[in-house]
Amino acid sequence: MNATVRARFDIGGTLAARLRKPFARWVRRRQGEDHLPATVGRRRVYILPTRAGVAFAALALVMLLAGLNYSNSVATMITFLLAGCELIAMHLTHRNLVGLTLRDIATVDAFAGEHGLLQLTVENSADSPRMGIECETDDSARVALDLPAGGRARADLAVPLTRRGRLRVDRIQLSTKFPFGLFRAWTYVHYDASLLAWPVPRGQREPPAEAASGGQAPSLHRAGDEEWAGLREFRDGDSPRQVAWRAFARGRGLLVKTYESPAAHHRMFDLARVAGADLESRLEQLSAWVVAAHARGERYGLTLGAQTLEPGSGSKHREACLRALALFGEDPP
Amino acid sequence: MIPNAARSHVAATLVFLGGLLLVCADAPLWCVGIAAGAAAWRLGIASRRLAEPKPRRGRRFLFGVITAIFVAAVLMSFRTLNGLAAGTALLVLMGALKLLEARTPRDDGIVVGVGLFLLLAAALANQSLWRLPLYLLQLWGAFAAMALIAHANGTFTTRAALRLSARALAMAIPLAALAFVFFPRFGGQFWALERGGLATTGLGDEMSPGSIGTLAVEYDPAFRVQFEGAPPPREALYFRGPVLNSFDGFTWRRERGYFYPREELEPIGPPVRYRITLEPTGRPFLVTLDTVFEPPRRGVYFGHDRQVTAMNDITQPMSYEAVSYLRTRSPQRLSTLGRRYETRLTNDRNPRARALALEMRARAGNDTEYARAVLEWFQRQGLEYTLDPGATSIDSVDTTLFDSKRGFCAHFASAYAMMMRAAGVPARVVTGYLGGELNPMGGYLLVRQSEAHAWTEVWLDGQGWTRIDPTTVVAPERLQRGIFEVFGDSMPASSFVLQRSAWFNKIALAWDGANQWWQQRVVEFNLRSQFELLSKLGFDSPDWRHLGWIFAAALLSWLAWVTLTLRRSVARGKPDRIGRAWLRVTRKLARVAPARAGTEGPYAFAARVAAARPELAGPVQEIALRYARLRFGPPPAREDIETFEREARAFG
């Protein structure tokens, strides 16, 4: 799958740019909100000639004038063949999109400043393949798909996340220039998908000290008084140093050694305890602590104003914490 | 470089090469060489045999300089940038330049565009039937290349591109045919490009001994004639071309500036109506059968000698309809001016022939008897009709009649007319064509350059201008047979073989018939033909608006056809066997329970049915489970599907 650099306008410069917003509003009013799976209907496919298409039409016009000028039958006939092919190209481009189904949309969140992923599953229920289906959002790069007859494919759209919080993907654009690149047909699917941008893990402050917790949770770290507690399965974020390589060599899979201290510890990260005027940098500090604590395999909890996440560990917990950080202060959807 | 980008470059380059091939006969050799070199270089890079040069600063400037040099070179070799040949040369060079810098899909697209423009140039220069497949091939390749350029990435194959392109072309052909017939042809010149480079052929406005003989070995068609009704007998097929009226002792010329009133004529016998399609000759002369009373078309000059001359050289095939009379009579006397013009002779040439003429005229009672006596003398003299009469002298008539005694039609016509004039009898030499070959396929007479002939017309009081062909007394067989049959042995081997092989001749005639159809029905199709067609379709006074309406209707029907054809081929996949069996189950259940919604899954449906009809819960949930397993589980075996189908049929 190749992400091509997004060429924003196919037709003419500023006029298209100026018409873009009103057109988007009009389309939204016209089509309304979509539900998945969304099948592209005949009446919501828009089509315009590309620059190549306009040039091609101009070429056909010049040929027609030359043919008529010289009463040259063969040149005239070639012109009509060209014009006919251009009209057929228009139909082919249009039909390449009609009947296409957007089956599913999944999202992968990421830190602000990185790219989140919008994963579109596109399905072709027709009995002929569809080539060169391009998927994009208003912000993402364009990804081209080739769909075999009756097949489906997934497009991973990399959406740049510029600032912390929720990024609404207003609409998804499916387009195609198949077959000759003379026309571009496109359609919009309005679906309320959103990507989360976690605060960037940034900040030099020391994390709060570990507090004793009631539970007897196994820890990966051996302090002086800890005892061998056995093996458990490898989780994301575990350090390779703690892997029981001997067990791995015996074919028992990836396991990590755990140790148990008489009283398991955890850290509580509280927004209120992080000093500083700027909310974003405080959230970034919390994010940095969460990431670090997870990497060390510690147990940690998070308190954001009224919301508290109980201490825990593992990838899911990390993601829940980052999610809470991302959404802190955002309006509920 | 991604291999697929290389594929785009190769496709675009091949289209350019195709266009180059089509115009290579019309473009100067050095242009073709440069373009072919650029294409080879690009192909070398695409196949990784050569390295792509690194982009350097100043590249644009360099290309600008090269462009200027190319333009200057074209300007120097053509003396103009206007004109088809100069334009083609420029296009070839610019395409070559674009090939050198082709990197992006846009560059490739421009190269394909140049290929299409070269196709246009080729079509403007040559509309022959045999080139039509080449033009179609070029279109096919161009569209395939455009598809490849548009889909450089992904799974799109070259084969798919070719198939797609062929399909689009095939679907466009009906539109092209309809548009060809009905799109209003506003002919005429919006602007004029100079055409050049067409060599002249056929009969000219002067005739020296031997000049017809060089035409006699040419197998090319000169013109074709379609007669209305039965064609006249072969010996009457004298097609008049340039009439020559001035003799310097060696060469007969058509001199301008000699006019006298055209004599009155009375036709004897019925008229012959026919249509002639003339091949381009690069000369202005039209050909007509024997005597015409009216010029066959407007915009031509109809001389006092009934010679029809176009205003310009004929560079495109030309057709016209004419009415001729094979026998005519003129009750008048020739005007004094006419008599003076048609008896002019330089006095110091051909002394022996002159002396003989004066002596024979003195013995004869009148002009008619004299003309017959000279003809008889030609017959007695033992002259030999040959394509190779040997060297002649400045007194060419004396040489022919008294020394070599060999000659071709031009020699005899020249000698006869000279002897008439020497005795004060008005005479002129007529060049043209005698005979022809009836094409059984097309029902027309094909006249080749080899049928070129020369004869004389002599003014005889009471009859008017009378055709006397001295060749017929020397070689009577020429009247009945074509030149190839008369001179089979002395013809060049190639044309001889062509003529003698029966099956080849058959194929050649069929091909010529196809060409004739193409020329008349396609190449010469114009606004007038469109109006004729409309009259046949029942329009009373057709004008271009009718054409416009018909064209619009044809375009709309074609669009509807295309829409239907293309819509059908994206029909949604039909439900497969499992789906059909499941549909049967749900339809059966629809009689006893609420129908299944379109998007409802099997479990939800079964639960709903079970809620509505608890007594059916067991079997419905059972079959829903089986369906879900087949549909969403691992790919089922054929037996499992068949079992499920049986169960579905038995269900209920």
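Each protein sequence line maps, in turn, to chains Z and D.
Using this note's numbering, the first residue of the first sequence is number 1, and each one after it goes up by one.
Using this note's numbering, the first residue of the second sequence is number 1001, and each one after it goes up by one.
Note that CB positions come from ideal geometry on N, CA and C, so glycine has one too.
When we look at the beta-carbon of residue i and count the other beta-carbons within 10 Å, is it buried (16 or more) or exposed?
i               : result
P252 (chain Z)  : According to the sequence provided, residue 252 (chain Z) is Arg. The question's Pro does not apply to it. Exposed is the call here.
W1455 (chain D) : buried
S1541 (chain D) : exposed
S1557 (chain D) : exposed
W198 (chain Z)  : buried
P1233 (chain D) : exposed
A60 (chain Z)   : buried
M1076 (chain D) : exposed
W26 (chain Z)   : exposed
E134 (chain Z)  : buried
H35 (chain Z)   : exposed
G276 (chain Z)  : exposed
Taking residue i and residue j to be in contact with their CB atoms under 8 Å, please state how far apart those CB atoms are, rounded to whole angstroms.
i               : j               : result
A1038 (chain D) : L1090 (chain D) : Between L1090 (chain D) and A1038 (chain D) the Cβ distance is about 15 Å, and since that is not below 8 Å, they are no contact.
G165 (chain Z)  : E284 (chain Z)  : 13 Å between Cβ atoms; not a contact.
I172 (chain Z)  : T137 (chain Z)  : 6 Å
A1422 (chain D) : A1353 (chain D) : 7 Å
L1169 (chain D) : W1140 (chain D) : 6 Å
V1114 (chain D) : F1016 (chain D) : 6 Å
L97 (chain Z)   : V189 (chain Z)  : 11 Å between Cβ atoms; not a contact.
Indicate the three-state DSSP secondary structure (helix, strand or coil) for residue i in the structure shown.
i               : result
G1338 (chain D) : helix
G1044 (chain D) : helix
H1411 (chain D) : helix
A1571 (chain D) : Low confidence applies to A1571 (chain D): its pLDDT is 43, below 50, so where it sits in the model is not reliable, and the reading given next is rough at best. Reduced to three states, the DSSP call for A1571 (chain D) is coil.
S1128 (chain D) : coil
F183 (chain Z)  : strand
F269 (chain Z)  : strand
D104 (chain Z)  : strand
K1405 (chain D) : coil
M1146 (chain D) : helix
C135 (chain Z)  : strand
T1643 (chain D) : helix
R154 (chain Z)  : strand
V1425 (chain D) : coil
G1229 (chain D) : coil
R44 (chain Z)   : helix
N72 (chain Z)   : coil
R1195 (chain D) : With a pLDDT of 45 at R1195 (chain D), under the threshold of 50, the modelled position of that residue is not reliable, and the figure given next carries that caveat. Note: R1195 (chain D) maps to coil in three-state DSSP.
P262 (chain Z)  : Because P262 (chain Z) sits at a pLDDT of 45, beneath the cut-off of 50, its placement in the model cannot be relied upon, and the point is left open.
I1507 (chain D) : helix
S1165 (chain D) : helix
A306 (chain Z)  : coil
N1439 (chain D) : strand
A1493 (chain D) : A caution first: A1493 (chain D) carries a pLDDT of 49, below 50, which makes its placement in the model unreliable, though a value can still be read off. Three-state result, A1493 (chain D): helix.
For residue i, which residues of its own chain have a beta-carbon under 7 Å away from its beta-carbon, when the five flanking residues on both sides are left out?
i               : result
C1031 (chain D) : A1089, V1092 and L1093
R1467 (chain D) : Y1238, W1455 and E1457
S1529 (chain D) : none
F1223 (chain D) : I1276, T1277, L1278, E1279, V1287 and V1447
L322 (chain Z)  : W198, S287 and V290
P1295 (chain D) : F1302 and V1308
A324 (chain Z)  : L302, L304, Q307 and L309
Using a Cβ-Cβ cut-off of 6 Å (strictly less than) and excluding sequence neighbours within five positions of residue i, which residues of its own chain qualify?
i               : result
L1043 (chain D) : T1013
A156 (chain Z)  : The question names Ala, but residue 156 (chain Z) in the sequence shown is Asp. L117 and Q119, listed in sequence order.
E210 (chain Z)  : H265 and R267
R296 (chain Z)  : none
Spatial neighbours of residue i within its chain, please: C-beta separation below 8 Å, excluding the five flanking residues on both sides.
i               : result
P1284 (chain D) : T1309, A1310, M1311, N1312, D1313 and I1314
A1236 (chain D) : D1290 and L1326
Taking 7 Å as the CB-CB cut-off, is residue i touching chain B?
i             : result
L81 (chain Z) : Within the model displayed, chain B is absent; protein chains Z and D are what it includes.
Pairs of beta-carbons, one from the segment 181-198 of chain Z and one from the segment 39-52 of chain Z, closer than 8 Å: are there three or more? yes
Any chance the segment 1431-1442 of chain D sits against the segment 1311-1319 of chain D, with 3 or more Cβ pairs inside 8 Å? no
Tell me, please, whether the segment 1219-1237 of chain D touches the segment 1249-1257 of chain D by the rule of three or more beta-carbon pairs shorter than 8 Å. no
Say whether the segment 267-275 of chain Z touches the segment 299-314 of chain Z, bearing in mind that this needs 3 or more beta-carbon pairs closer than 8 Å, one atom from each stretch. yes
Taking three-plus beta-carbon pairs below 8 Å as touching, is the segment 1336-1351 of chain D in contact with the segment 1370-1383 of chain D? no
Is the segment 1052-1072 of chain D touching the segment 140-151 of chain Z in the sense that three or more CB pairs, one from each, lie closer than 8 Å? no
With three or more beta-carbon pairs closer than 8 Å as the criterion, would you say the segment 1544-1561 of chain D touches the segment 1177-1187 of chain D? yes
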